[in-house]
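Student: Mind looking over this structure? Questions follow.
4 protein chains.
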Amino acid sequence: MAKKKLNVGMIGYGFMGRAHSNAYLKVGKFFDLEYEPVMKAACARKQDKLHAFAQNWGWETTETDWRRLIDRQDIDVIDIGSPNNTHKEIAIAAAQAGKMVLCEKPLAMNVAEGIEMTEAIEKAGVANMVWFNYRRVPAITLAKQLIDEGRIGRVFHYRAKYLQDWTISPNVPQGGSTLWRLDIDVAGSGVTGDLLAHSIDTALWLIGGMDSVTATTETFIKERPLQDDPNVTKPVGIDDACAFLARFKNGAIGTFESTRYARGRKNQNTFEVNGEKGSLYFDLEDAHQLQYYNHDDDSHVHGWRTILVTDSDHPYMKHWWVPGCVIGYEHTFINALADFLKGIETGVPARPNFRDALETQYVCDAVLKSGKTGVWERAQA
Amino acid sequence: MAKKKLNVGMIGYGFMGRAHSNAYLKVGKFFDLEYEPVMKAACARKQDKLHAFAQNWGWETTETDWRRLIDRQDIDVIDIGSPNNTHKEIAIAAAQAGKMVLCEKPLAMNVAEGIEMTEAIEKAGVANMVWFNYRRVPAITLAKQLIDEGRIGRVFHYRAKYLQDWTISPNVPQGGSTLWRLDIDVAGSGVTGDLLAHSIDTALWLIGGMDSVTATTETFIKERPLQDDPNVTKPVGIDDACAFLARFKNGAIGTFESTRYARGRKNQNTFEVNGEKGSLYFDLEDAHQLQYYNHDDDSHVHGWRTILVTDSDHPYMKHWWVPGCVIGYEHTFINALADFLKGIETGVPARPNFRDALETQYVCDAVLKSGKTGVWERAQA
Amino acid sequence: MAKKKLNVGMIGYGFMGRAHSNAYLKVGKFFDLEYEPVMKAACARKQDKLHAFAQNWGWETTETDWRRLIDRQDIDVIDIGSPNNTHKEIAIAAAQAGKMVLCEKPLAMNVAEGIEMTEAIEKAGVANMVWFNYRRVPAITLAKQLIDEGRIGRVFHYRAKYLQDWTISPNVPQGGSTLWRLDIDVAGSGVTGDLLAHSIDTALWLIGGMDSVTATTETFIKERPLQDDPNVTKPVGIDDACAFLARFKNGAIGTFESTRYARGRKNQNTFEVNGEKGSLYFDLEDAHQLQYYNHDDDSHVHGWRTILVTDSDHPYMKHWWVPGCVIGYEHTFINALADFLKGIETGVPARPNFRDALETQYVCDAVLKSGKTGVWERAQA
Amino acid sequence: MAKKKLNVGMIGYGFMGRAHSNAYLKVGKFFDLEYEPVMKAACARKQDKLHAFAQNWGWETTETDWRRLIDRQDIDVIDIGSPNNTHKEIAIAAAQAGKMVLCEKPLAMNVAEGIEMTEAIEKAGVANMVWFNYRRVPAITLAKQLIDEGRIGRVFHYRAKYLQDWTISPNVPQGGSTLWRLDIDVAGSGVTGDLLAHSIDTALWLIGGMDSVTATTETFIKERPLQDDPNVTKPVGIDDACAFLARFKNGAIGTFESTRYARGRKNQNTFEVNGEKGSLYFDLEDAHQLQYYNHDDDSHVHGWRTILVTDSDHPYMKHWWVPGCVIGYEHTFINALADFLKGIETGVPARPNFRDALETQYVCDAVLKSGKTGVWERAQA
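Protein chains in written order, with this note's numbering: chain Z, 35 to 415; chain E, 35 to 415; chain X, 35 to 415; chain P, 35 to 415.
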């Protein structure tokens, strides 16, 4: 059966550019889909690097101005992998041009931008998805499935951490092409938008909406050199660390914490759900596992079960290898892309869409605000 | 060498009565100490049960009125294991009578009581200790040692949980002789005084004092039957769950959470310290282990090290068995008692004393207050 | 109810002397039993050390000749905790004197001795038990219970390891009062009798008898100084390490390995059972846990379950503390003693008795023989 | 820089066909190499399935007769991913045609075949590698590196397991296109060639050669239906399970076990090395981790370190993502292919070559022989 081709124009060639390119390259090899993404054009400002990148990955053409990319009639999908402060303008223009839009997370610099973007997308009626790729870790998808099966029951507690340690040294610079996440003007925030946004997206998906939050944020290293000009030092504007308490609409209590100063934690994105009937625990550093406690088990064999999420009846895994063979970080993007394409095919769009990602933005903004006001802030529209 | 005898009068024969009795029975068998505790008198109100208890454990005599116990000239040490709402009166009377005082945690129903007690104890100048027994888990003591050795460096983060799941059923009654911890009038608070007090004591010991806290508390089951009269139902006054954020005086950020609604967690008392040079992690459900990450290790062999805390050069362990042979819950009391007796012997008193426990009480009160006010509260004197 | 007293005469005051004394001291405090052991007499050759030991633990009297101990009319139970080469003579004499006999493992120096001992015991008809204390680790007892419940089904595989690392240094001496386990003349064998005997006892109990074995043994350090005369060096006669394959009567395949040269393993006594319906895994270094895989679970939640064996419906645990509170190494002896006393009370004797321990001896002898012959040896009577 | 192209002709489109195709597709995207593999021709007997496979993966042409493939002048490399009983003929023909040869493991049906193949390859002088892909799990490569750095010292023990559970049901058929591994005529052996060959290859690489082995093998399910004709049942000729003891040339003792009847173990390929100075432990089900015990650590912080093998200074990882982001099963093939191509580039050929794989074959044959003879068999040339 001939595939329907979707021409993709991707903006950004950094870390996410690689991850997305790999997804376009592989998705059709492992998933049987009606739509086939075509790596039509890669777009970035630096022509030299862009050219090498495009050649390596097999992008057919390049553009150095994202407006030109959007203007091209042969592009069906705009994929935004450039820094946070570019998302809004590109997404709105793409939507207005009738393109499908894929956007890296966090959706926007703040709620105000997010509302504009979401309204533009919905007005245009184009397919859209935000790359909260961790929803497509099979173990996290399985967690969602177990909750939907009613295995957890009334939820009492949710606790999430997202810990890294790569900015402890004061010598790590800020800004520039690879360290813009440390520059408040480009990133909008620090760990809140970069890491906690993942934790929040997962929580909202698994448990439902939040009512309000109270937070504390900290910037441990007060100034850092610039990546592009190491002799110049600038105050650090981002949050190095952030912790918050949440009240969910369903009555559950949440605790969230993120930092880049947790020595020894490389990418420890964890969550735990405690419900009346059972509990779940996940740690991204052991991404192939989901831990599950089932109160319905016979009493003397109660225990936390480590599910090795590699069987063919686990989410996504029948597309990959055989039981016991793990997939890696990059597969979350491939799985997400497969879902996006399947959504177009079936008419049941993949999530999270811009509207969903806006919900996460509301929480992020409330967290950052509470970090300043010291009181509980409303974490919803 | 003849031992110096210390005659002990212990109040309370419940769970803590057993744990303390076992400590008096065993401490001299495993530790070489100048002072020998003598199980002179057990005290409780119900004569029948008390008698059986005393006979089983070898308490020489019994008393049904703690005032009579304190009046006895043959008693050197008063050990308070009765419910929280009795601590103040007994401790003050015992101090005024010149007795040494051992008191179960939490020290008091609130800071006001704690101040009175501490002042009375210090005025009397009597030896005193509060049974925060977990300081004497060898792995926790080792954590303190590693911090004191400078292995962690500047501390960025501290996170603690104390999770249980035994009150999820609404059929669990409150009050009565074994469930007074669920009765606000007897316990003073719920998980805050019972469980978080342990977490706070450990944190203050390891990291130092807290500046302020913001908290949320919840009572999931709103009313429960009475243990002593199952046909009568009473509103639940205690906090079933409590989470708080803390700012430490040294600039570190703390997150704390406790609940009795974490399905599958039986006695999961954990902490993690993240510092510039290293990190530590502990979980009471694996009490024989301490996890340690050392940033000074060669880069390609960086990793979290699971220290099996059973070697003879680990705290307390040379008194027990051989490497690989674990000790249990009850040993924390024996180790604590050994320290108390050694403190008398050496003149360097064991800790935490009443003054230390009062610091914990300040935090508990601030947490409970913040749970009501919704703002950051001062967590110190 | 008045207890029936059983006067105990214990031989040996070393490591096992402490462990047994502690059991006699505590068993009645935690178990409600008809029989009460009385610490009547401790026996060893060195009067000075014996006296201090007896005083510390509360043994009423002492004897320096075990024959005199057996002759005493006031002794009901002889407990043999002295080195292996003394077991036979003492056990037979005690049996002939009509005493109950408790004997440390391994039962004997070899099968020939074991047969003599077992026949003497059975002829005398006295209560008897061999201290294979690990059967009374609650998690191991639970494993037995789960197998008996039919949860594992047809067994395909059994694998056991018992790894330590304390003899790697060639400076560790042999012989003497604390290192007789390294002296072939006193111990009879090395890791085979000391450690593998435990693994074999557990295997026979859980899975049933063995048919035959093939083994390899090694002595890595060929000579060692004497503990009692460090200037004298003697060849090492014991097996430092031993590995064997086994065929069980029920068709299962077994692998067993033991060593004192596994750097980093302190007391890692593990077993795994793989059956048609489920599997079990245990590690003594995490003695409070049993891992269980249940094939009957729903397919997408299959997983290894970590059972925290501290609940009141787990073996022995209702006698101790509360869920989440672990017991330690020493409690295995207390639990075993409780079973022995209960066996007398109920008329259903505790196991393993001498006859059971003789089965283990057959396997040990076959293993050591195969280590020399290089062929499969019969591992049963 | 223009790449030098290497035209690949791959035989087999099953599980390994996918894994290898993925490697050819991706290697150049992540590794900067002089040589670029070109997916020139895929070869298999069934034209229909082959065509679909080739189209999906981008193989330029197809062949249904491997002899025609070898005859093609435009093919530089023959990659053999077809069943074991085809390896010899193809490999020899390819070598004689001057092609480079990549061959799936096990090398051959037996040593006799392996010798012929190795001699043909060496006579032809062509580049060659056998796909023992697990050598390229970064954690295993790191293990090799740590041993080469002298961190383990004199080795006392090596123990390996390779456990699966997918053939427990008697309904699993044998033979056919996907289950030929259960057919003795096609596979040559059961778990020995399929799974233990991996364990042996790793052991020989890490520790060095074996002297002799003693083994036991078992076929639990005696007959199975045919995959291609379910009404026909045939005796099972393969070994379902195999355990063996080994003596290494360096004096170390080895234990090895493999089975497809270990309920709950999906792909548990483990090894542990115990040396005088340190120990290592690996489990393929947690492939991103290596555990390391360093005896040189300060005594009170001795512990098993879990190295998260995802940092840029760990083997292969700088080519992939960022610390904390794992790679999966398929990456072992990509890493291996990169090494093969780099070997051509540098003139230092990648290993294991045919000669290395022949060493593994010697051990496999000795193991299977000992399983029949019951005595120790020589496990080397």
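Think of the CB as a built atom: it goes at the ideal place given N, C-alpha and C, for glycine as much as any other residue.
Would the region 165-177 of chain P and the region 357-373 of chain P be scored as touching if the rule is three or more Cβ pairs under 8 angstroms?
Tutor: Taking 8 angstroms as the limit for Cβ pairs, the verdict is that the region 357-373 of chain P does touch the region 165-177 of chain P.
Student: Leaving out five residues before and five after residue 302 of chain X in sequence, what residues of the same chain have Cβ atoms less than 8 angstroms from its Cβ?
Tutor: In the third sequence, the residue the question calls residue 302 of chain X occupies position 268. Closer than 8 angstroms at the Cβ level, and outside the excluded window around residue 302 of chain X, lie 195, 196, 197, 198, 296, 317, 318, 319.
Student: With 9 angstroms as the threshold, decide whether the Cβ of residue 295 of chain X is near any Cβ in chain E.
Tutor: Walking along the third sequence from the start, residue 295 of chain X turns up at place 261. Cβ-Cβ to chain E under 9 angstroms: no for residue 295 of chain X.
Student: Would you mind stating whether residue 121 of chain X and residue 163 of chain X have Cβ atoms separated by less than 9 angstroms?
Tutor: Working through the third sequence from its first residue, we reach residue 121 of chain X at position 87. Working through the third sequence from its first residue, we reach residue 163 of chain X at position 129. Cβ atoms of residue 121 of chain X and residue 163 of chain X: not closer than 9 angstroms.
Student: Check whether the Cβ atoms of residue 356 of chain X and residue 173 of chain X lie closer than 9 angstroms to each other.
Tutor: Within the third sequence, residue 356 of chain X is the residue found at index 322, counting from 1. Within the third sequence, residue 173 of chain X is the residue found at index 139, counting from 1. No. Outside cutoff.
Student: Work out the CA separation of residue 362 of chain X and residue 60 of chain X for me, nearest whole Å.
Tutor: Along the third sequence, one-based indexing puts residue 60 of chain X at 26. Along the third sequence, one-based indexing puts residue 362 of chain X at 328. Cα to Cα, the separation comes out at about 13 angstroms.
Student: Going by the DSSP bridge assignment, what does residue 111 of chain Z pair with across the sheet?
Tutor: Counting from one through the first sequence, the residue named residue 111 of chain Z turns up at place 77. DSSP, once it has assigned bridges, lists Z:42, Z:134 as partnering residue 111 of chain Z.
Student: Quick check: what's the CA-CA separation for residue 288 of chain E versus residue 101 of chain E?
Tutor: Stepping through the second sequence from its first residue, residue 288 of chain E is reached at position 254. Stepping through the second sequence from its first residue, residue 101 of chain E is reached at position 67. Roughly 42 angstroms separates the two Cα atoms.
Student: Measuring straight from C-alpha to C-alpha, what distance separates residue 178 of chain Z and residue 374 of chain Z?
Tutor: Start at 1 with the first residue of the first sequence, and residue 178 of chain Z comes out as number 144. Start at 1 with the first residue of the first sequence, and residue 374 of chain Z comes out as number 340. Each residue's alpha carbon lies about 18 angstroms from the other.
Student: So, for residue 238 of chain E: in the same chain, excluding its five sequence neighbours on each side, which residues have a beta-carbon less than 8 angstroms away from its beta-carbon?
Tutor: For the purposes of this step, residue 238 of chain E is identified with residue 204 of the second sequence, where counting begins at 1. If we look at residue 238 of chain E and ignore the five residues flanking it on each side, its Cβ neighbours are 244, 390, 393, 394, 397.
Student: Quick one: is residue 407 of chain P buried, meaning 16 or more other Cβ sit within 10 Å of its Cβ, or exposed?
Tutor: Taking the first residue of the fourth sequence as 1, we reach residue 407 of chain P at position 373. When all chains shown are included, residue 407 of chain P counts as exposed.
Student: Please list, in chain order, the chain P residues whose beta carbon lies closer than 7 angstroms to that of residue 252 of chain X.
Tutor: By 1-based counting over the third sequence, the position of residue 252 of chain X is 218. Going along chain P in sequence order, the residues near residue 252 of chain X (Cβ under 7 angstroms) are 287.
Student: Are the CB atoms of residue 312 of chain E and residue 185 of chain E within a distance shorter than 9 angstroms?
Tutor: Sequence index remark: in the second sequence, residue 185 of chain E carries index 151 (1-based). Sequence index remark: in the second sequence, residue 312 of chain E carries index 278 (1-based). Contact: yes.
Student: Which residues does DSSP pair with residue 279 of chain E in a beta bridge?
Tutor: As a position in the second sequence, residue 279 of chain E is number 245, starting the count at 1. According to DSSP, residue 279 of chain E bridges with E:248, E:289.
Student: Less than 9 angstroms between CB atoms is the rule here; does residue 55 of chain Z satisfy it with respect to chain P?
Tutor: On the first sequence, residue 55 of chain Z is found 21 positions in, with the first residue counted as 1. By this cut-off, residue 55 of chain Z is an interface position.
Student: Check the Cβ of residue 416 of chain E against every Cβ in chain P and list those closer than 7 angstroms, keeping chain order.
Tutor: There is simply no residue 416 of chain E to check, as chain E begins at 35 and stops at 415 in what is shown.
Student: Can you tell me which of P:331, P:412, P:161 puts its alpha carbon nearest to the alpha carbon of residue 385 of chain P?
Tutor: Counting from 1 along the fourth sequence, the entry for residue 385 of chain P is found at position 351. When each option's Cα is compared against that of residue 385 of chain P, the closest is P:161.
Student: Do you know offhand how far residue 230 of chain E's Cα is from residue 305 of chain Z's?
Tutor: Working through the second sequence from its first residue, we reach residue 230 of chain E at position 196. Working through the first sequence from its first residue, we reach residue 305 of chain Z at position 271. Cα to Cα, residue 230 of chain E sits roughly 21 angstroms from residue 305 of chain Z.
Student: Report, in whole angstroms, the separation of the C-beta atoms of residue 75 of chain P and residue 94 of chain P, which I expect to be a contact under 8 angstroms.
Tutor: What you label residue 75 of chain P is simply residue 41 of the fourth sequence in a count that begins at 1. What you label residue 94 of chain P is simply residue 60 of the fourth sequence in a count that begins at 1. The pair is a contact, with the Cβ atoms about 7 angstroms apart (cut-off 8 angstroms).
Student: Roughly how many angstroms separate the alpha carbons of residue 284 of chain E and residue 242 of chain E, rounded to a whole number?
Tutor: For this step, residue 284 of chain E is matched to residue 250 along the second sequence. For this step, residue 242 of chain E is matched to residue 208 along the second sequence. So the two alpha carbons sit approximately 8 angstroms from each other.
Student: What three-state label does DSSP hand residue 306 of chain E in the structure shown?
Tutor: The residue you call residue 306 of chain E lines up with position 272 of the second sequence. If DSSP states are grouped into helix, strand and coil, residue 306 of chain E belongs with the strands.
Student: Please give me, in chain order, every unbroken run of the alpha helix (DSSP H) with length at least 4 that falls completely inside the region 192-241 of chain P.
Tutor: Correct list: 218-221, 231-241.
Student: Quick check: the Cα distance between residue 182 of chain E and residue 267 of chain Z, rounded to an integer number of angstroms?
Tutor: For the purposes of this step, residue 182 of chain E is taken as residue 148 along the second sequence, with counting starting at 1. For the purposes of this step, residue 267 of chain Z is taken as residue 233 along the first sequence, with counting starting at 1. If you take the alpha carbons of residue 182 of chain E and residue 267 of chain Z, they lie about 34 angstroms apart.
Student: Can residue 378 of chain P and residue 47 of chain P be called in contact, C-beta distance under 9 angstroms?
Tutor: As a first step, residue 378 of chain P is located in the fourth sequence; it is residue number 344 there, counting from the start. As a first step, residue 47 of chain P is located in the fourth sequence; it is residue number 13 there, counting from the start. No.
Student: Identify the contact partners of residue 308 of chain Z in chain E, using a Cβ-Cβ distance below 7 angstroms as the criterion.
Tutor: Here residue 308 of chain Z corresponds to residue number 274 of the first sequence, with the count starting at 1. What residue 308 of chain Z touches in chain E: 295, 296, 297.
Student: Which residue's Cα is closest to the Cα of residue 140 of chain X: X:261, X:220, X:300?
Tutor: Locating residue 140 of chain X in the third sequence gives position 106, counting from the first residue. Taking only the C-alpha atoms, the option nearest residue 140 of chain X is X:220.
Student: When the cut-off is 9 angstroms and only beta carbons count, does residue 210 of chain Z lie next to chain P?
Tutor: Residue numbering aside, residue 210 of chain Z sits at position 176 when the first sequence is read from its first letter. It does not: the Cβ of residue 210 of chain Z has no partner Cβ on chain P nearer than 9 angstroms.
Student: Give me the subset of the region 356-376 of chain X whose CB atoms are less than 8 angstroms from a CB atom of chain E, sorted by chain position.
Tutor: Taking 8 angstroms as the Cβ-Cβ cut-off against chain E, the residues of the region 356-376 of chain X that qualify are 356, 357, 358, 359, 360, 361, 362, 363, 364, 365.
Student: Is it a yes or a no for the region 98-118 of chain P touching the region 131-146 of chain P, going by three-plus beta-carbon pairs under 8 angstroms?
Tutor: With a cut-off of 8 angstroms, the region 131-146 of chain P and the region 98-118 of chain P count as touching, because enough Cβ pairs lie within range.
Student: If I'm right that residue 281 of chain X touches residue 250 of chain P with Cβ under 8 angstroms, what's the distance once you round it to whole angstroms?
Tutor: As a first step, residue 281 of chain X is located in the third sequence; it is residue number 247 there, counting from the start. As a first step, residue 250 of chain P is located in the fourth sequence; it is residue number 216 there, counting from the start. Correct: roughly 7 angstroms between the Cβ atoms.
Student: With a threshold of 16 other CB atoms inside 10 Å of the CB of residue 360 of chain X, please say whether the residue is buried or exposed.
Tutor: Here residue 360 of chain X refers to the residue found at position 326 when the third sequence is read from its first residue. So residue 360 of chain X ends up on the buried side.
Student: What does residue 169 of chain E touch in chain P if you count any residue whose Cβ is under 8 angstroms from its own?
Tutor: Counting from one through the second sequence, the residue named residue 169 of chain E turns up at place 135. The premise fails here: residue 169 of chain E is roughly 18 angstroms from chain P at the closest Cβ pair, so nothing lies under 8 angstroms.
Student: From the beta carbon of residue 230 of chain X, is the nearest beta carbon of chain E less than 9 angstroms away?
Tutor: As a first step, residue 230 of chain X is located in the third sequence; it is residue number 196 there, counting from the start. No, residue 230 of chain X does not count as interfacial toward chain E.
Student: Would you say residue 199 of chain P reaches chain X, if we count a Cβ-Cβ gap shorter than 9 angstroms as a contact?
Tutor: Your numbering for residue 199 of chain P matches position 165 in the fourth sequence. It does; some Cβ of chain X falls within 9 angstroms.
Student: Should residue 62 of chain X be labelled buried (16 or more other beta-carbon atoms within 10 Å of its own) or exposed?
Tutor: To locate residue 62 of chain X, count along the third sequence from 1; it is residue 28. Burial call: buried.
Student: Does DSSP put residue 398 of chain Z in a helix, in a strand, or in coil?
Tutor: For the purposes of this step, residue 398 of chain Z is identified with residue 364 of the first sequence, where counting begins at 1. Residue 398 of chain Z: helix per DSSP, three-state reduction.
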